[in-house]
Amino acid sequence: MTKIGIISCKLRWDMGCPRHSSHVSCFLACMNKKGAFADLEDPVVVSFCSCNGCPGKGRFEKAEIMKNDLKVDVIMLASCCYKPPKCANIDQSARDIEEKLKIRVIRGTAAKEE
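The opening residue of the sequence shown carries number 50 in our numbering; numbering runs sequentially from there.
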């Protein structure tokens with residue numbers, strides 16, 4: 050089992066996934082083993098939250114809690130963080146989480162068709 054923590058965009062969190070009005074794309078991708086979930090062994094989402102607002106406030110702290118308290122194996126930064134308008138510091142956040150927390154970060158979650 051691969052325990053996953055997902056952090057999404059606060060703006061998208063409030064609106065729901067693009068083309069959906071709920072937070073469904075990440076869960077569909079996990080359930081169907083599509084997108085970033087395709088190569089993971091028995092993926093299970095154990096935590097799913099948003100950052101605290103632009104520009105990605107609180108993202109590192111939430112990743113730290115997911116790793117230390119929830120013992121996730123992987124942090125995923127949801128695909129919505131990369132959709133226009135792309136989060137201004139998403140790439141730096143991913144590097145910071147990987148380097149400082151020593152955990153794998155996957156950039157994007159959902160399959161393109163979702």
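We put the CB at the ideal spot given by N, CA and C, even for glycine.
Reference residue i, options the options, closest by Cα
i: arginine 153; options: Ile139, Lys135 and Ile124; result: Ile124
i: glutamate 147; options: Cys130, Glu110 and Ser96; result: Glu110
i: asparagine 101; options: Cys136, Thr158 and Glu90; result: Cys136
i: lysine 149; options: Asn117, Met80 and Tyr131; result: Asn117
i: isoleucine 53; options: Asp145, Asp122 and Leu60; result: Asp122
i: valine 95; options: Ala87, Lys132 and Ala112; result: Ala112
Status (buried if at least 16 other CB within 10 Å, exposed otherwise) for residue i
i: arginine 108; result: buried
i: methionine 115; result: buried
i: cysteine 75; result: buried
Cβ shell of residue i (< 8 Å), same chain only, five flanking positions each side left out
i: histidine 72; result: Ser57, Trp62, Gly65, Cys66 and Phe97
i: leucine 119; result: Lys52, Gly54, Val95 and Ser96
Nonlocal neighbours in the same chain, by C-beta distance under 6 Å from residue i, ignoring five residues either side
i: methionine 50; result: Asp91 and Val93
i: glycine 105; result: Cys136, Asn138 and Ser142
i: cysteine 130; result: Cys58, Cys136 and Ile139
C-beta neighbour in chain D for residue i, strict 8 Å
i: cysteine 136; result: Chain labels in this structure do not include chain D; a single protein chain is all it has.
7 Å CB neighbourhood of residue i in its chain, flanking five on each side removed
i: glutamate 162; result: Because the pLDDT of glutamate 162 is 46, which lies under 50, any placement of that residue in the model is unreliable, and the number read from its coordinates should be weighed accordingly. Correct list: empty, nothing qualifies.
DSSP three-state assignment for residue i, whether helix, strand or coil
i: isoleucine 152; result: coil
i: leucine 119; result: coil
i: leucine 89; result: coil
i: methionine 125; result: strand
Identity of the residues DSSP links to residue i by a beta bridge
i: cysteine 98; result: Ile56
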